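For what it's worth, numbering that gives the first Met the number 0 labels the leading residue of the sequence shown as 0, then goes sequentially.
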Amino acid sequence: MAENPFDFIIVGGGTSGCALASRLAETPSRPFVLLIESGTSNSSPSLRTPDSRWTTCLTEPDLNWNEVSNPQPQLHNRVLPCFRGKGLGGSSAINFSNWIVGSREDFDDLAERIGDDAWRWHGERGMKERLRRVEKLHLSKGLEVGEQSEGRILDRDSLGKHSTKGKVDMSFGDPAVPGWAAMLFDAAREAEVKINGEINSGDPTGWGLCPSTYHRGSRVTAATAYLSSPPTNLTILTSTSVSRTLFSLDSGMKRAIGVQTSKGQEFRASKEVILSAGAIDSPKLLLLSGIGPRDQLEDLGIEVVSEIPGVGKNLKDHPMATVTLLMKGNSSSSGTVEKEKDPASDVGTPMPSAYLSPPAILASQEFSNLPKETQQHLRKVPLVEHGANDLPMTVPPDSVPSGAKIITIFTALQNTQSSGSVTLASSNPAEPPNIDLRILEHEFDRRVAIEGMRSLLDFIKTPALSENVEKMLEGPESERDEDILEHWRETAIPFFHFGGTCRMERDDGNKRAVVDDEFKVMGVECLRVVDLSVVPVLGCGHTSAMAYLIGELASEKITRGHGL
Numbered sequence: 000m001a002e003n004p005f006d007f008i009i010v011g012g013g014t015s016g017c018a019l020a021s022r023l024a025e026t027p028s029r030p031f032v033l034l035i036e037s038g039t040s041n042s043s044p045s046l047r048t049p050d051s052r053w054t055t056c057l058t059e060p061d062l063n064w065n066e067v068s069n070p071q072p073q074l075h076n077r078v079l080p081c082f083r084g085k086g087l088g089g090s091s092a093i094n095f096s097n098w099i100v101g102s103r104e105d106f107d108d109l110a111e112r113i114g115d116d117a118w119r120w121h122g123e124r125g126m127k128e129r130l131r132r133v134e135k136l137h138l139s140k141g142l143e144v145g146e147q148s149e150g151r152i153l154d155r156d157s158l159g160k161h162s163t164k165g166k167v168d169m170s171f172g173d174p175a176v177p178g179w180a181a182m183l184f185d186a187a188r189e190a191e192v193k194i195n196g197e198i199n200s201g202d203p204t205g206w207g208l209c210p211s212t213y214h215r216g217s218r219v220t221a222a223t224a225y226l227s228s229p230p231t232n233l234t235i236l237t238s239t240s241v242s243r244t245l246f247s248l249d250s251g252m253k254r255a256i257g258v259q260t261s262k263g264q265e266f267r268a269s270k271e272v273i274l275s276a277g278a279i280d281s282p283k284l285l286l287l288s289g290i291g292p293r294d295q296l297e298d299l300g301i302e303v304v305s306e307i308p309g310v311g312k313n314l315k316d317h318p319m320a321t322v323t324l325l326m327k328g329n330s331s332s333s334g335t336v337e338k339e340k341d342p343a344s345d346v347g348t349p350m351p352s353a354y355l356s357p358p359a360i361l362a363s364q365e366f367s368n369l370p371k372e373t374q375q376h377l378r379k380v381p382l383v384e385h386g387a388n389d390l391p392m393t394v395p396p397d398s399v400p401s402g403a404k405i406i407t408i409f410t411a412l413q414n415t416q417s418s419g420s421v422t423l424a425s426s427n428p429a430e431p432p433n434i435d436l437r438i439l440e441h442e443f444d445r446r447v448a449i450e451g452m453r454s455l456l457d458f459i460k461t462p463a464l465s466e467n468v469e470k471m472l473e474g475p476e477s478e479r480d481e482d483i484l485e486h487w488r489e490t491a492i493p494f495f496h497f498g499g500t501c502r503m504e505r506d507d508g509n510k511r512a513v514v515d516d517e518f519k520v521m522g523v524e525c526l527r528v529v530d531l532s533v534v535p536v537l538g539c540g541h542t543s544a545m546a547y548l549i550g551e552l553a554s555e556k557i558t559r560g561h562g563l
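Pasting the structure below:
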């Protein structure tokens, strides 16, 4: 028997879902909103300490779905981890807490693909302005707005223009630039690579430092930011898994009227059901509910509600491979003196990042083989991210001498051309789906992997780094294409920036779109998908910012559509 009806049911308390639930519940009409999350409330402060910033995804199995990919043909058939957050806050509770919004050109490209200017960077209702509802940037006294000189690591004048009134607290910590990180910026100057003092300006190109979603020594998640004081019209139900969406036949159309849980319990929605379960579970739930490719559904004995071939296709990520450096015992940089961290401003280890497009990529045959419109866009945006920290991220612990100084630098592919998929393994909702990442399947991605890693190896040769490196613990055997690519095949892993599997796109008759520009699922009524699965392409940047923006944008559209 169904429970008392709600106005809206949101399935998934992750980054987009928390933002959406909060914003809908706050509207003047105060609709009754039910937010259902498979995981726990994730309310313990001990799970959000700076010391665990880089390890929560490994050390807290209750906060991670702990699923794995299919064997990857381009990576010696390795099976890869597919970390995703489980519990209120979703992946914002286990990610690396880096706030990197991305390129204005990628946002504008999304607007063109979707046919909606709300995705553009600029404009009164553009994404840059929408960010002000999300960001709450805290600048320490040492970073207050002041005089700016060329080549400074942080452009304090530009940072001072960011919002201080949004929902998500973020900061740079103190010190913002520890000595090992300053060494990287010295190397960038020697390599004549731009120092970008504000990588969240819409132009992330160059080496820069991003804020972290930490405040007062604690990780900020979508749950702590948006759900710390939920209104009485917002009901949050945790430790509850949804197995399918319920439909009724209304005027010849299938209308979503509620959901059924794994325990057979039913909840009804008078207005809409909204899936915010992420790029893996939102397509899974659509498929279990009879929405997807007909042949896949019929093979599993699932009644077809709406035939949408694109469900579960177009899985995107930013795959990465690393180089690990053992530093000399006396390595230092710029005479930087480390000071003791203030627990109230500690954000853990920061991550300097560089967004670049090595010229060899754009000069390659693989680039020339791309469609002309793709080439035009890729000339405008970074194709590679390098990022660093002072932890042994990917090497076995026993390979690192006790007390050793380590710098790990990764190369991650941006604007990838390979596409994977999410399919059902069976009609049993409790069984994990098949996750096929298809990393490096496209020839262009392999060229970016080679040239991106080669540019990193050149960067390490700068005096600021090379004179302080004892040896390379992990990296390609040589700079030949074959050896660099082999390093990727042996060590590459996902970045866990999954998106694209319920793509939003103009209806050009190509049957690739799953949702329209209002986030509404094709072929049915009163059902939307609101999370990273809707992005048709994955540009540069870290996806937590985009996930928040998607929740905010969807809340605006739903509020306007229902006159809330």
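All residues carry an ideal CB built from backbone N, CA and C; glycine is no exception.
Predicted model, so just to flag it, every value in this text is computed and none were measured.
| Cβ neighbour criterion (16 or more within 10 Å) applied to residue 424 | Counting from one through the sequence shown, the residue named residue 424 turns up at place 425. So residue 424 ends up on the exposed side.
| said: Would you call the segment 33-50 in contact with the segment 8-15, where contact means no fewer than 3 C-beta pairs closer than 8 Å? | reply: At 8 Å Cβ cutoff, the stretches touch.
| query | Can you name, in chain order, every residue of its own chain whose Cβ lies under 6 Å from the Cβ of residue 487, other than the five neighbours on each side? | reply | Working through the sequence shown from its first residue, we reach residue 487 at position 488. Around residue 487: 320, 448.
| Is it buried or exposed for residue 506, if we count other Cβ within 10 angstroms and need 16 for buried? | On the sequence shown, position 507 is the one that residue 506 refers to. Flag for residue 506 reads exposed.
| message | Please list the terminal residues of the continuous alpha helix (DSSP H) segment that includes residue 384. | response | Taking the first residue of the sequence shown as 1, we reach residue 384 at position 385. Looking at the DSSP string, residue 384 is not in any alpha helix (DSSP H); the run it does join, the beta strand (DSSP E), is 383-388.
| Cβ-Cβ distance between residue 157 and residue 104 below 8 Å | Residue mapping note: residue 157 aligns to position 158 of the sequence shown, counting from 1. Residue mapping note: residue 104 aligns to position 105 of the sequence shown, counting from 1. No, they are not a contact pair.
| said: For residue 298, tell me which candidate among 399, 548, 426, 361 has the shortest Cα-Cα distance. | reply: By one-based count along the sequence shown, residue 298 stands at place 299. Checking every option, the nearest Cα to that of residue 298 belongs to 426.
| Endpoints, the beta strand (DSSP E) within which residue 521 is located | Within the sequence shown, numbered from 1, the residue matching residue 521 stands at position 522. Careful: residue 521 lies outside any beta strand (DSSP E) and carries neither H nor E.
| message | Looking at the strands, I want to know which residues DSSP matches up with residue 98. | response | Within the sequence shown, the letter at position 99 stands for residue 98. DSSP output for residue 98 lists no bridge partner at all.
| Whole-angstrom Cβ separation of residue 472 and residue 23, contact assumed at under 8 Å? | In the sequence shown, counting from the first residue as 1, residue 472 sits at position 473. In the sequence shown, counting from the first residue as 1, residue 23 sits at position 24. With a beta-carbon spacing of about 49 Å, residue 472 and residue 23 fall beyond the 8 Å limit used to define contacts.
| query | Leaving out five residues before and five after residue 165 in sequence, what residues of the same chain have Cβ atoms less than 7 Å from its Cβ? | reply | Reading the sequence shown from its first residue, position 166 is the one you call residue 165. So the qualifying residues of the chain are 131, 132, 133, 134, 135.
| request: Just mark residue 263 as buried or exposed, buried being the case when its beta carbon has 16 or more other beta carbons within 10 Å. | output: For the purposes of this step, residue 263 is taken as residue 264 along the sequence shown, with counting starting at 1. With a 10 Å radius around the Cβ and a threshold of 16 neighbouring Cβ atoms, residue 263 comes out exposed.
| Can you list, in chain order, the residues of its chain whose CB lies under 6 Å from that of residue 220, leaving out five sequence neighbours each side? | For this step, residue 220 is matched to residue 221 along the sequence shown. The residues are 88, 91, 92.
| query | Just the Cα atoms here: how many angstroms apart are residue 558 and residue 25? | reply | What you label residue 558 is simply residue 559 of the sequence shown in a count that begins at 1. What you label residue 25 is simply residue 26 of the sequence shown in a count that begins at 1. If I take the Cα positions, the gap works out to 10 Å.
| Which partner residues of residue 217 appear in the DSSP bridge assignment? | One-based indexing of the sequence shown puts residue 217 at position 218. Beta-bridge analysis with DSSP links residue 217 to 214.
| said: Check for me: the beta strand (DSSP E) holding residue 473 runs from which residue to which? | reply: Within the sequence shown, the letter at position 474 stands for residue 473. Its beta strand (DSSP E) spans residues 468-473.
| message | I need the boundaries of the beta strand (DSSP E) containing residue 527, first residue and last residue. | response | By one-based count along the sequence shown, residue 527 stands at place 528. Under the DSSP assignment, residue 527 falls in the beta strand (DSSP E) whose first and last residues are 526-528.
| When you compare each of 170, 232, 189 to residue 213 by their alpha carbons, which one comes out closest? | To locate residue 213, count along the sequence shown from 1; it is residue 214. Of 170, 232, 189, the smallest CA-CA separation from residue 213 is found for 170.
| field | residue 414 classed as buried or exposed, judged by whether at least 16 other C-beta atoms fall within 10 angstroms | value | By one-based count along the sequence shown, residue 414 stands at place 415. The C-beta of residue 414 has 16 or more other C-beta atoms within 10 Å across all chains shown, which makes the residue buried.
| message | How far does the alpha helix (DSSP H) with residue 490 in it extend, from its first residue to its last? | response | If you number the sequence shown from 1, residue 490 lands on position 491. For residue 490, the enclosing alpha helix (DSSP H) begins and ends at 480-490.
| Terminal residues of the continuous beta strand (DSSP E) containing residue 421? | As a first step, residue 421 is located in the sequence shown; it is residue number 422 there, counting from the start. Annotation for residue 421: the continuous beta strand (DSSP E) segment containing it runs 419-422.
| task | Within 10 angstroms of the Cβ of residue 78, are there 16 or more other Cβ atoms? Answer buried if so, exposed if not. | result | Position 79 of the sequence shown, counting from 1, holds the residue named residue 78. It is exposed - the Cβ of residue 78 has fewer than 16 other Cβ atoms within 10 Å.
| query | Under the rule that 16 or more other beta-carbon atoms within 10 Å means buried, what is residue 493, buried or exposed? | reply | Residue numbering aside, residue 493 sits at position 494 when the sequence shown is read from its first letter. Residue 493 should be labelled buried.
| field | Paired residues, beta bridge with residue 494 - DSSP | value | Within the sequence shown, residue 494 is the residue found at index 495, counting from 1. In the DSSP output, where bridge partners are listed per residue, residue 494 has none listed.
| C-beta contact flag for residue 256 and residue 248 at 8 Å | For the purposes of this step, residue 256 is identified with residue 257 of the sequence shown, where counting begins at 1. For the purposes of this step, residue 248 is identified with residue 249 of the sequence shown, where counting begins at 1. If you check the CB distance, residue 256 and residue 248 do not come in under 8 Å.
| message | For residue 553 and residue 517, what's the separation of their Cα atoms in angstroms? | response | For the purposes of this step, residue 553 is taken as residue 554 along the sequence shown, with counting starting at 1. For the purposes of this step, residue 517 is taken as residue 518 along the sequence shown, with counting starting at 1. One C-alpha to the other measures close to 7 Å.
| Cα-Cα, which of 538, 440, 365 is closest to residue 566? | As shown, the chain starts at 0 and ends at 563. That puts residue 566 outside it, with no answer to give.
| query | Which one of 417, 407, 438, 18 has the shortest CA to CA distance from residue 273? | reply | Here residue 273 corresponds to residue number 274 of the sequence shown, with the count starting at 1. Out of 417, 407, 438, 18, 18 has the C-alpha closest to the C-alpha of residue 273.
| When DSSP builds the beta bridges, which residues end up paired with residue 137? | Position 138 of the sequence shown holds residue 137. DSSP lists 170 as partners of residue 137.
| Pairwise C-alpha distance: residue 432 and residue 185 | Start at 1 with the first residue of the sequence shown, and residue 185 comes out as number 186. Start at 1 with the first residue of the sequence shown, and residue 432 comes out as number 433. Rounded to the nearest angstrom, the gap between the Cα atoms of residue 185 and residue 432 is 46 Å.
| residue 389 versus residue 179: straight-line alpha-carbon distance, rounded | The residue labelled residue 389 in the question sits at position 390 within the sequence shown. The residue labelled residue 179 in the question sits at position 180 within the sequence shown. Distance from the CA of residue 389 to the CA of residue 179, rounded to the nearest whole angstrom, comes to 7 Å.
| message | Let me check one thing: in DSSP terms, what residues is residue 256 bridge-paired to? | response | On the sequence shown, residue 256 is found 257 positions in, with the first residue counted as 1. Partner(s): none; residue 256 has no beta bridge.
| said: Considering only the alpha carbon of each residue, which of 111, 62, 267, 189 lies closest to residue 237? | reply: Looking up residue 237 in the sequence shown gives position 238. When the alpha-carbon of residue 237 is set against those of 111, 62, 267, 189, the nearest one is in 62.
| Would you say residue 203 and residue 290 are within 8 Å of each other, going by their C-beta atoms? | On the sequence shown, position 204 is the one that residue 203 refers to. On the sequence shown, position 291 is the one that residue 290 refers to. In this structure, residue 290 does not lie closer than 8 Å to residue 203 by Cβ.
| Residue environment, residue 300, which counts as buried when at least 16 other CB atoms sit within 10 Å | The residue given as residue 300 occupies position 301 in the sequence shown. So residue 300 counts as exposed.
| message | Using DSSP's beta-bridge definition, name the partner residues of residue 207. | response | On the sequence shown, position 208 is the one that residue 207 refers to. Its beta-bridge partners are 195, 352.
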